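Engineer:
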Amino acid sequence: MQPDVYRASEPAELQQGDICFAPVARLQSSTPPRTPVWESLDQVEFPVDAISEHEPALTAHIGYTAVMVVTHDCQMDKEAAVTLAENDPELDRFVTVVPLVPVDWLRTSEMHLLSGDTTRYFPVPAWAERGIIGGVADLTCPTTIDRHLLIRRMASLTDDSRGRLRLALARLFAFRSPEIGFENGGEVRLVLQPEPPRPKRPAHRAPPATSADSP
């Protein structure tokens, strides 16, 4: 076990950072570019016909794998509320998860990925006794699922590790920069002001305008 990363026993309620076995999914066009990393996760594909001439046909790719829960604790119901939510279909019981990916599936060097210096990936050490192979959680590929689809919980992160996860999410979604970190005895603060956004690459071809959009 990694004592500085995982808790020896899991808390009763689901928490941000928990590693579970659950489904992930993505939607792609019917003729997408090849993505070998994600093709390795695909177990089922469902073609979806175009609804009209303005919406393209697409394919849903679904598979079960180890995932990390990234929904913040404040958004997740606590134990008493979970019971209520499970019995009331009107209440929100959805969580967001991201897949765990072995390092050797990726082109980036293992040292760079596991250092935590990339904004896209969060390092996840192996814990063989729990079936966790280790690698990285890809924070850019979230799937929102019903919590009932979490087949089993494999491990929970320590409080320090959960803090690093929240920092990684802030780096990615708020600052788009790895240049924030821990200073002054563990306080999370902005170490370096993020640079202005880089000029965008040529935009993808815009979808065709409908009659309502036409002047």
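Using my numbering, the first residue of the sequence shown is number 25, and each one after it goes up by one. Cβ atoms here follow ideal geometry from the backbone N, Cα and C, with glycine treated the same way. All of these numbers come straight from a predicted model, not from anything done at the bench.
1) Can you give me the start and stop residues for the alpha helix (DSSP H) that R176 sits inside?
2) Excluding five sequence neighbours on each side, which residues of the same chain lie with their C-beta closer than 7 angstroms to the C-beta of G155?
3) In the DSSP assignment, what are the bridge partners of S71?
4) Ignore the nearest five residues each way along the sequence and tell me which others in A49's own chain have a CB closer than 7 angstroms to its CB.
5) Taking the beta carbon of C98 as the centre, do at least 16 other beta carbons fall within 10 Å, making it buried, or is it exposed?
6) Assign P35 to one of two classes, buried (16 or more other C-beta atoms within 10 Å of its C-beta) or exposed (fewer than that).
7) According to DSSP, V91 sits in a beta bridge with which residue or residues?
8) Count the other CB atoms within 10 Å of the CB of Q39; is the residue buried (16 or more) or exposed (fewer)?
Structural biologist: Judging by the given coordinates:
1) Per DSSP, R176 lies in no alpha helix (DSSP H) segment; the continuous beta strand (DSSP E) that holds it begins and ends at R176 to A179.
2) M178
3) Looking at the sequence itself, residue 71 is Pro, so the reference to Ser does not match. Per DSSP, T83.
4) A84, H85, I86 and T167
5) Sixteen is the threshold: since fewer than 16 other Cβ atoms of the shown chains lie within 10 Å of the Cβ of C98, the residue is exposed.
6) With fewer than 16 other Cβ atoms within 10 Å, it is exposed.
7) BP columns for V91 point to C44 and P123.
8) Per the 10 Å Cβ criterion, buried.
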